[in-house]
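Single-structure report; data block below.
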Amino acid sequence: MIIIKNADEIKSLKNACIISAGVLNYVGEQICAGMTTYELDKIIHDYIIAHGAKPGFLGMYGFPGSACISVNDEVIHGIPSKKVIIRSGDIVSVDTGAFIGGFHGDNAFTYQVGKVSPVAEKLCRVTNECLALGIAAARPGNRIGDIGYAVQKHAEENGFSVVREYVGHGIGRDLHEDPEVPNFGRAGRGVRLVPGMTIAIEPMITEGSCEVKVMSNEWTVKTVDGGLAAHFERTIAIGANGPEILTNWDL
Numbered sequence: 004m005i006i007i008k009n010a011d012e013i014k015s016l017k018n019a020c021i022i023s024a025g026v027l028n029y030v031g032e033q034i035c036a037g038m039t040t041y042e043l044d045k046i047i048h049d050y051i052i053a054h055g056a057k058p059g060f061l062g063m064y065g066f067p068g069s070a071c072i073s074v075n076d077e078v079i080h081g082i083p084s085k086k087v088i089i090r091s092g093d094i095v096s097v098d099t100g101a102f103i104g105g106f107h108g109d110n111a112f113t114y115q116v117g118k119v120s121p122v123a124e125k126l127c128r129v130t131n132e133c134l135a136l137g138i139a140a141a142r143p144g145n146r147i148g149d150i151g152y153a154v155q156k157h158a159e160e161n162g163f164s165v166v167r168e169y170v171g172h173g174i175g176r177d178l179h180e181d182p183e184v185p186n187f188g189r190a191g192r193g194v195r196l197v198p199g200m201t202i203a204i205e206p207m208i209t210e211g212s213c214e215v216k217v218m219s220n221e222w223t224v225k226t227v228d229g230g231l232a233a234h235f236e237r238t239i240a241i242g243a244n245g246p247e248i249l250t251n252w253d254l
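Structure (structure tokens):
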């Protein structure tokens, strides 16, 4: 069931999203070669707590970290670890959110650490552009398929692939609500977008094949061919005049 939010509920959701976006801005200042993903997760955890919220991901479905931190060929759900050291040339996707006032924020950004390869730089740029195009398509009267079509078209025109198994989602009092928001699809198909809907749009784009596999920890998702992956995400509300970005990170 899709839950339409009223103005007060969207305001409460926005409060969670402001903290969630602040986390990503702060990570952009702190992330560096030589730190472990465990250390980065602690920075994220402490930032959220210091701002009066709770890490929305911690313990969700049993997940052990405050953020999913995925490096290079890891698409999503990387578990923070003392054994994983971030190195210059890595791309690091951080997916996290804050829970406060009964609502969840959710967002992700892929950071370029030091000097990355040209393909890594292009992949990150194009994936971020895919997100922007998906958001632009999230207008009242359009359909979910318009979002996926915009993302898929731009990714594939640039020689990249779209992960099929994992998608965006509705968001509010629960981190994952209806509807699902795929990053692929046909324009004009799917659920119609109406004011008061709140969704997380999150392109997951790969360098090579779109095929992915879940690792033995039952969380981390990697590309089958070892190609790089990038992940960007924002929470938005469908307004009467168009989309409103709620996780408005500035990176």
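Using the working numbering, the first residue of the sequence shown is number 4, and each one after it goes up by one. Each residue gets a CB set at the ideal place from its N, CA and C atoms; glycine is no exception. Note that this is a predicted model, so its numbers are computed, not measured.
Apart from the five residues on each side of it in sequence, which residues of its chain come closer than 7 Å, Cβ to Cβ, to N75?
Counting from 1 along the sequence shown, the entry for residue 75 is found at position 72. The residues are D93, I94 and L231.
In the DSSP assignment, find the unbroken alpha helix (DSSP H) run with C127 in it and report its ends.
Translated into positions along the sequence shown, residue 127 becomes position 124. Here the alpha helix (DSSP H) through C127 covers P121 to A139.
Please state the DSSP three-state secondary structure of I21.
Here residue 21 refers to the residue found at position 18 of the sequence shown. Helix at I21.
Can you name, in chain order, every residue of its own chain whose Cβ lies under 6 Å from the Cβ of G270, other than the five neighbours on each side?
Here the chain comprises residues numbered 4 to 254, so residue 270 is not present and cannot be evaluated.
Please report the Cβ distance between I89 and M38, rounded to the nearest whole angstrom; I am assuming they are in contact, meaning their Cβ atoms lie under 8 Å.
As a first step, residue 89 is located in the sequence shown; it is residue number 86 there, counting from the start. As a first step, residue 38 is located in the sequence shown; it is residue number 35 there, counting from the start. Between M38 and I89 the Cβ distance is about 6 Å, and since that is below 8 Å, they are a contact.
By Cβ distance, which residues of its chain are closer than 8 Å to D44, with the 5 residues on each side in sequence left out?
Against the sequence shown, residue 44 aligns to sequence position 41. Here the set comprises G68, S69, A70, I72 and P83.
Close-in-space but distant-in-sequence residues of the same chain around R189 (CB under 7 Å, 5 per side omitted)
Here residue 189 corresponds to residue number 186 of the sequence shown, with the count starting at 1. So the list reads G148 and Y152, once near-sequence residues are dropped.
Taking the straight line between their C-alpha atoms, what separation do you get for N251 and V154?
The residue given as residue 251 occupies position 248 in the sequence shown. The residue given as residue 154 occupies position 151 in the sequence shown. Near 19 Å, if we compare the C-alpha coordinates of V154 and N251.
Excluding the 5 residues flanking P182 on each side, which residues of the same chain have their C-beta closer than 7 Å to its C-beta?
Position 179 of the sequence shown holds residue 182. Excluding residues within five positions, the ones whose Cβ falls inside 7 Å are I5, I147, G173 and V194.
Below 8 Å on the Cβ atoms is my guess for T238 versus C20; work out the distance and round it to an integer in Å.
The residue labelled residue 238 in the question sits at position 235 within the sequence shown. The residue labelled residue 20 in the question sits at position 17 within the sequence shown. With a Cβ gap of about 5 Å, T238 and C20 count as contacting.
Same chain, Cβ closer than 7 Å to G245, neighbours up to 5 away in sequence not counted
Counting from one through the sequence shown, the residue named residue 245 turns up at place 242. R142.
Report yes if the C-beta distance between Y41 and K85 is below 9 Å; otherwise report no.
Counting from 1 along the sequence shown, the entry for residue 41 is found at position 38. Counting from 1 along the sequence shown, the entry for residue 85 is found at position 82. The answer is yes: Cβ separation under 9 Å.
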